[in-house]
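For reference, each letter of the sequence shown is one residue, going 75 to 659 in the numbering used here.
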Amino acid sequence: MNLRFSLLLSVQIFYLIIVVVACSTIEPATGPESSSTTDKQIENSASSDDVIRARSHFIQGITAMKLDDPEAAEQHLLRAYKTLHHSSGVNQALAELYFQTKDYSSGLYYGHKAVELEPENKWYRLMLVDGYRAMGDHNKAIHQIDSILVFNPADVEVLYLKASIQTSLGNYQQSNETYQRILDLTGPDRSIYYQRISNFSRLENNDAIINELNKLLKLDEGNINTLLMLSQFYMEQGQTDKARDVLEKALKRNPRHPETLVNLTDIYIDRDEWEKAGELLQNLVGDTLVPTDNRLEIVQYIISRYSNEPENDPLKSTAEKLIYTLLETSSENGLAHSMAAEFFIIAEEGEQSLQHLEKTTELMPENDAAWRKLVQTLYIEGYYDKAIERGIKANEHVPEDAFIQFFLGGSYFLKEQYEHAVNWLRSASDAPSRSPFRSIILGTLGDAYSSLDRWYEAEDAYEEAIILDPDNDVILNNYAFHLSEREERLEQAKEMATRALELNPGNPAFLDTIGWIYFKMGDFDKAYEYIKASIDTGGASAEVMEHMGDVYDKLGKPDQALYWWQKALDEDTSRNHLKERLHIN
Numbered sequence: 075m076n077l078r079f080s081l082l083l084s085v086q087i088f089y090l091i092i093v094v095v096a097c098s099t100i101e102p103a104t105g106p107e108s109s110s111t112t113d114k115q116i117e118n119s120a121s122s123d124d125v126i127r128a129r130s131h132f133i134q135g136i137t138a139m140k141l142d143d144p145e146a147a148e149q150h151l152l153r154a155y156k157t158l159h160h161s162s163g164v165n166q167a168l169a170e171l172y173f174q175t176k177d178y179s180s181g182l183y184y185g186h187k188a189v190e191l192e193p194e195n196k197w198y199r200l201m202l203v204d205g206y207r208a209m210g211d212h213n214k215a216i217h218q219i220d221s222i223l224v225f226n227p228a229d230v231e232v233l234y235l236k237a238s239i240q241t242s243l244g245n246y247q248q249s250n251e252t253y254q255r256i257l258d259l260t261g262p263d264r265s266i267y268y269q270r271i272s273n274f275s276r277l278e279n280n281d282a283i284i285n286e287l288n289k290l291l292k293l294d295e296g297n298i299n300t301l302l303m304l305s306q307f308y309m310e311q312g313q314t315d316k317a318r319d320v321l322e323k324a325l326k327r328n329p330r331h332p333e334t335l336v337n338l339t340d341i342y343i344d345r346d347e348w349e350k351a352g353e354l355l356q357n358l359v360g361d362t363l364v365p366t367d368n369r370l371e372i373v374q375y376i377i378s379r380y381s382n383e384p385e386n387d388p389l390k391s392t393a394e395k396l397i398y399t400l401l402e403t404s405s406e407n408g409l410a411h412s413m414a415a416e417f418f419i420i421a422e423e424g425e426q427s428l429q430h431l432e433k434t435t436e437l438m439p440e441n442d443a444a445w446r447k448l449v450q451t452l453y454i455e456g457y458y459d460k461a462i463e464r465g466i467k468a469n470e471h472v473p474e475d476a477f478i479q480f481f482l483g484g485s486y487f488l489k490e491q492y493e494h495a496v497n498w499l500r501s502a503s504d505a506p507s508r509s510p511f512r513s514i515i516l517g518t519l520g521d522a523y524s525s526l527d528r529w530y531e532a533e534d535a536y537e538e539a540i541i542l543d544p545d546n547d548v549i550l551n552n553y554a555f556h557l558s559e560r561e562e563r564l565e566q567a568k569e570m571a572t573r574a575l576e577l578n579p580g581n582p583a584f585l586d587t588i589g590w591i592y593f594k595m596g597d598f599d600k601a602y603e604y605i606k607a608s609i610d611t612g613g614a615s616a617e618v619m620e621h622m623g624d625v626y627d628k629l630g631k632p633d634q635a636l637y638w639w640q641k642a643l644d645e646d647t648s649r650n651h652l653k654e655r656l657h658i659n
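Okay, here's the thing in structure tokens:
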């Protein structure tokens with residue numbers, strides 16, 4: 075039961091007990107001072123015994139409502155109503171009963187009769203407000219509230235209710251006008267200012283929001299949250315100077331507040347005031363009284379900004395200073411070293427990143443991401459032996475990780491230890507991973523099988539890789555080259571190589587692959603066209619140069635053939651088979 079009506083019914087029961095006791099001992103008085111107009115009307119139309127019985131039914135009905143027996147309550151109240159139908163209390167009780175049982179039409183009928191009998195009764199009208207709201211008719215609810223305010227214009231509780239309903243109706247401007255009436259009555263109130271700010275936000279009226287926030291600041295000039303909100307709206311309005319002034323004021327209140335520092339730093343960075351930004355953050359990051367988590371958060375934020383602007387040298391310098399400052403005070407913090415590694419990876423300083431990744435895995439052996447980055451970085455930097463060593467250790471801490479196992483297999487592949495490569499790559503392909511990455515794993519596995527002359531297993535790996543990612547240009551090219559070497563399905567190989575070149579135009583290896591397929595097909599002019607294009611890119615390998623010599627040989631130009639074979643040998647002295655062609659002992 076609604077608490078307001080519960081209290082009201084309790085008052086009615088107490089009042090009616092007094093009335094019944096009085097009526098049971100004496101005849102009803104006829105003077106104007108001892109009986110209301112309603113009572114007189116009742117007494118004129120019914121006997122004293124009828125009135126007493128009706129009042130008894132009323133009390134029993136109210137009691138049944140209290141005991142959650144709506145059927146008994148309805149029976150007693152309707153019996154009371156036959157005699158006391160001009161009683162506002164009886165009508166109100168019936169209205170409340172029907173509202174409880176969700177018979178809103180009947181509830182509104184009796185509720186309106188109660189209000190007609192006592193127009194100034196605030197609680198009766200509030201009952202109608204609840205009824206109309208339950209039916210979704212908020213406009214009629216507002217009408218009843220306005221009727222209450224006619225008699226009680228300074229009722230703050232009712233004004234609050236009106237403002238709330240206006241907000242729910244989307245009448246944000248009207249709601250704020252009602253909240254202003256409350257402020258006029260009560261004086262400044264933080265909660266109401268926030269309600270008005272919420273409404274102005276829905277109206278997208280930033281000027282009004284700023285005005286309300288300034289009112290809030292008069293109540294509490296040092297409130298950090300209010301200052302931050304105000305600065306944010308100034309930023310949205312393009313009033314950067316005002317936003318900066320507000321944040322600087324907030325910083326004076328709390329020099330160690332991370333969000334204030336970040337927002338103020340943003341402004342300094344956007345205005346290219348790097349000295350201010352750096353000094354501000356360096357003082358914070360070097361302050362051991364600031365919780366470590368907050369200092370880490372600040373450094374991570376600057377690194378994130380740098381990752382989006384890697385060409386921004388002042389930002390890089392600021393990030394680097396913060397990294398070293400953080401490490402001076404948190405040298406044994408694994409996350410600090412992880413952030414340092416991240417920064418140096420972005421800065422393309424592989425040696426530095428490796429040092430901090432090693433330290434991260436030492437301090438945080440459970441850090442999966444650090445192990446992955448360590449093995450990957452060693453692989454990218456060409457430290458294949460170290461990548462294998464650390465990869466095997468990483469696999470102990472992070473077993474069945476496709477990423478780690480892939481770089482392990484890749485390292486073995488580049489060291490031409492193809493059996494080990496196959497074992498790790500096959501294991502990586504069985505570990506959970508997303509389709510595009512699994513396609514890369516299978517493509518590399520195909521390359522490893524091909525290097526072992528395990529042709530059918532290679533083709534199976536290539537085919538599955540292409541199904542997973544039909545636009546993987548490297549796999550398309552490698553599979554095509556594999557087929558050309560075997561001189562099988564050359565038309566299919568040409569289609570795949572052409573598609574790879576469409577996906578990555580100008581790639582020297584891809585140009586060479588198409589040229590070599592034409593060579594195997596006996597079209598030496600086309601072979602020359604593509605292999606020359608590969609050489610013209612300036613990125614041709616020794617293999618491409620050897621292919622050019624082979625093409626010239628088939629075109630009947632032995633001098634040019636010898637020239638390119640010699641260039642290939644100069645580029646890669648391990649190509650001993652060229653010495654025979656060049657007649658070198």
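Even glycine gets a Cβ: it sits at the ideal position worked out from N, Cα and C.
Suppose the cutoff is 6 Å on Cβ atoms and the five residues either side in sequence are ignored; what does the same chain contact list for I397 look like? These residues qualify, in order along the chain: A414, F417.
Taking its Cβ as the centre, do 16 or more other Cβ atoms sit within 10 Å of Q566, making it buried, or is it exposed? The residue is exposed, with fewer than 16 neighbouring Cβ atoms inside 10 Å.
Could you tell me if K187 is buried or exposed, where buried requires 16 or more neighbouring beta carbons within 10 angstroms of its beta carbon? Buried.
Quick check for students: name the residue ranges of the alpha helix (DSSP H) that lie wholly in the region 523-602, counting only runs of 4 or more. Fully enclosed alpha helix (DSSP H) runs of 4 or longer: 529-542, 547-560, 564-577, 582-595.
Classification of S513 by the beta-carbon crowding that lies within 10 angstroms, buried from 16 upward: Label assigned to S513: buried.
Going by DSSP, what residue range makes up the alpha helix (DSSP H) through M413? It spans 408-420 - the alpha helix (DSSP H) in which M413 sits, taken as one unbroken run.
Have a look at G296, D263, S305, K292 and flag the residue whose alpha-carbon is nearest the alpha-carbon of D281. Of the candidates G296, D263, S305, K292, the residue whose Cα lies closest to the Cα of D281 is S305.
Do L482 and T451 come within 8 Å of each other at the CB atom, strictly closer than that value? Taking 8 Å as the Cβ cut-off, T451 and L482 do not qualify as a contacting pair.
Restricting to Cα atoms, I'd like to know which of L437, K433, I478, T434 is closest to V449. Proximity to V449 across L437, K433, I478, T434 peaks at I478, based on C-alpha coordinates.
Have a look at F480, L488, L519, S524 and flag the residue whose alpha-carbon is nearest the alpha-carbon of P506. Among F480, L488, L519, S524, the Cα nearest to that of P506 belongs to F480.
Short of 6 Å in beta carbon distance, which residues of its chain neighbour F555, apart from the five on each side in sequence? Order them along the chain. Sequence-distant partners of F555 (beyond 5 residues in either direction) whose C-beta falls short of 6 Å from its own C-beta, in its chain, are T587.
Looking at the structure shown, is A468 part of a helix, part of a strand, or coil, going by DSSP? Note: A468 maps to helix in three-state DSSP.
Residue range of the alpha helix (DSSP H) that G360 falls in? DSSP places G360 outside any alpha helix (DSSP H), giving it a letter other than H or E.
Could you tell me the alpha carbon to alpha carbon distance between R264 and M201, rounded to whole angstroms? M201 has its alpha-carbon roughly 29 Å from the corresponding atom of R264.
I'd like to know if the region 345-358 and the region 392-410 are in contact, where contact means that at least 3 CB-CB pairs between them fall below 8 Å. Yes, since at least three Cβ pairs between the region 345-358 and the region 392-410 fall closer than 8 Å, the two stretches touch.
Residue from S391, S608, H331, R345 whose Cα sits closest to the Cα of P365: When each option's Cα is compared against that of P365, the closest is H331.
Taking the alpha carbon of Y486 as the reference point, which residue from A443, P473, I136, I466 has its own alpha carbon closest? Cα-wise, what sits closest to Y486 is I466.
Compute the Euclidean distance between the alpha carbons of G589 and A601, then round it to the nearest angstrom. Going by the C-alpha atoms only, they are around 4 Å apart.
So which of A154, A138, H150, I136 has the shortest CA-CA distance to D124? Comparing C-alpha distances from D124 to each of A154, A138, H150, I136 shows the shortest one belongs to A154.
Taking the alpha helix (DSSP H) that N280 belongs to, which residues open and close that run? For N280, the uninterrupted alpha helix (DSSP H) segment begins and ends at 280-293.
Cα separation between S524 and N552? S524 and N552 have their C-alpha atoms roughly 10 Å apart.
Do you know offhand how far T339's Cα is from A421's? When only Cα atoms are considered, T339 and A421 end up about 21 Å apart.
Can you round the beta-carbon distance between L257 and V230 to whole angstroms, since I take them to be within the 8 Å contact cut? Not really, about 10 Å apart at Cβ, beyond 8 Å.
CB-CB under 6 Å to N273, same chain, minus the five flanking residues each way: which ones, in chain order? The residues Y246, S249, N250, in chain order, have a CB closer than 6 Å to that of N273 in the same chain once the five nearest residues on each side in sequence are set aside.
Cβ neighbours of L325 in the same chain (closer than 6 Å, five flanking residues each side left out): Result list for L325: T334, in chain order.
Would you identify the three-state DSSP class for T104, choosing helix, strand or coil? For T104, the predicted model reports a pLDDT of 29, less than 50, meaning its position is unreliable; a value from the coordinates is still stated below. Coil.
Within 8 Å, strictly: CB atoms of R276 and E286: Contact: no.
Here's the rule I'm using: 16 or more other beta-carbon atoms within 10 Å means buried, otherwise exposed. How should F593 be labelled? Residue burial annotation: F593 is buried, with at least 16 other C-beta atoms found within 10 angstroms of its C-beta.
Should F225 go down as buried or exposed, given a rule of 16 or more other Cβ atoms within 10 Å for buried? Residue environment: F225 is assigned as exposed (fewer than 16 neighbouring CB atoms within 10 Å of its CB, all protein chains considered).
How many angstroms separate the CA atom of Y308 from the CA atom of N441? Separation of Y308 and N441 (C-alpha to C-alpha, rounded to the nearest whole angstrom) is 41 Å.
Quick check on the burial criterion: 16 or more other C-beta atoms within 10 angstroms. Buried or exposed for G210? Here G210 is exposed: its Cβ has fewer than 16 other Cβ atoms, across all protein chains shown, within 10 Å.
List the whole-angstrom C-beta distance separating L557 from L550, where the pair is believed to meet the contact cut-off of C-beta under 8 Å. With 8 Å as the limit, L557 and L550 do not qualify as a contact, their Cβ atoms being about 11 Å apart.
CB L643 to CB L629, shorter than 8 Å? No, they are not a contact pair.
Considering only residues of the same chain and omitting the five flanking positions on each side of A495, which have a CB-CB separation below 6 Å? Taken in chain order, the residues that qualify are G483, Y486, F487, A522.
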